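Working notes, structure below.
Numbering (the UniProt record's numbering), first residue to last: 1 to 319.
This is how it looks when you write it as structure tokens:
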């Protein structure tokens, strides 16, 4: 029998030690205990040295910088084997669609044009997720489902810049687009020098918001521009120029890779009939209201910013 002082019982589980080292003679057991006690003393000294790194991300100041992982990705990983072997191919592009199952043919046609360089992500506004498994590619896609939500609601919540940082370009598309004459990788080729004159197409510092493609750096700015409560994104396309410089060289229409907008009123059907009004009427009314609200917010933000710098702009607007 080994008699140990009672003062150690509050800091060590003797049952665990005796079970683990039951085959050892008494002296060896004492040696094990001395070793454990020595290591605990060293650990105690480190634990008493508080970590506080103000340059760490907010909320992570108590962590040693070397353990912080500030970015993530959308790569699919396994639940077995080694993490280093999970991702064989790292796609360069992220292609997202906000979809209802009724537009499955459009989405299937678009996805079939994508190579292994693309991650596919579907935002389901109708809740019909499992039915997409009829397509083999759907089993490799990422699916997010929230009923009756618009694509900018999804984008703000699931496409944070620190999540999509591995991708060179992010496609944020509607579901009602014909892609017969579209090559997705060709559409991402940058051609410096094509837009030296801001008055000539295809570079007009503007693209409609139904099928935008953002570079990684541009998206980091645009994500912050998206308002959390303005889910339709109306007016956002007029403000994109604020995120790049010069805008007429950085924003343009890739007219050699054209698509067809089929104008399927699926979004309007996600509304609610109120006081005899059709569902689409309430949706369209909110779209217009959001446009005005975004315009006003941007104008006020600009005015306050310049006022803080000592500049006065009596007629400043966001348009």
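Beta carbons: idealized from backbone N, C-alpha and C, even for Gly. Note that the coordinates shown come from a computational prediction; the quantities given were computed from them, not determined experimentally.
| query | result |
| --- | --- |
| Alpha-carbon spacing of residue 170 relative to residue 266, whole angstroms | 23 Å |
| First through last residue of the beta strand (DSSP E) which encompasses residue 173 | 169-173 |
| Of the residues 197, 223, 261, the one placed nearest residue 208, counting alpha carbons only | 261 |
| Cβ contact check for the region 78-88 and the region 129-147: 3 or more pairs under 8 Å | no |
| Close beta carbons around residue 234, own chain, < 6 Å, minus the five adjacent residues each side | 287, 290, 291 |
| Anticipated Cβ contact below 8 Å, residue 98 with residue 154, distance rounded | 6 Å |
| 6 Å CB neighbourhood of residue 78 in its chain, flanking five on each side removed | 86 |
| Pick from 219, 216, 185, 312 that is closest to residue 115, judged by C-alpha positions | 185 |
| Residues bridged to residue 53 [DSSP beta-bridge criterion] | Residue 53 pairs with nothing; no bridge assigned. |
| Closer than 8 Å to chain B by CB, residue 68 | This model lacks chain B altogether, as it is built from one protein chain only. |
| Assigned secondary structure, residue 72 (DSSP; H/G/I helix, E/B strand, else coil) | coil |
| Through-space distance from residue 110 to residue 241, alpha-carbon basis | 28 Å |
| Nonlocal neighbours in the same chain, by C-beta distance under 6 Å from residue 164, ignoring five residues either side | 94, 170 |
| Distance, residue 182 Cα to residue 257 Cα | 5 Å |
| Contacting residues, own chain, Cβ-Cβ under 7 Å from residue 195 (five flanking each side not counted) | 203, 248, 249, 252 |
| Secondary structure of residue 332, DSSP reduced to three states | Here the chain comprises residues numbered 1 to 319, so residue 332 is not present and cannot be evaluated. |
| Rounded separation between residue 105 and residue 123 - CA only | 16 Å |
| Distance between beta carbons of residue 176 and residue 264, contact taken as under 8 Å | 4 Å |
| Collapsed DSSP secondary structure at residue 186 in the structure displayed | helix |
| Beta strand (DSSP E) segment containing residue 93, residue limits | 93-99 |
| Length of the line joining the Cα atoms of residue 143 and residue 121 | 6 Å |
| Contact check, residue 68 vs residue 56, beta carbons under 8 Å | yes |
| Separation of residue 145 from residue 21, as counted between CA atoms | Residue placement at residue 21 is flagged as unreliable, the pLDDT there being 46, under the threshold of 50; the coordinate-derived value follows with that caveat. Near 53 Å, if we compare the C-alpha coordinates of residue 145 and residue 21. |
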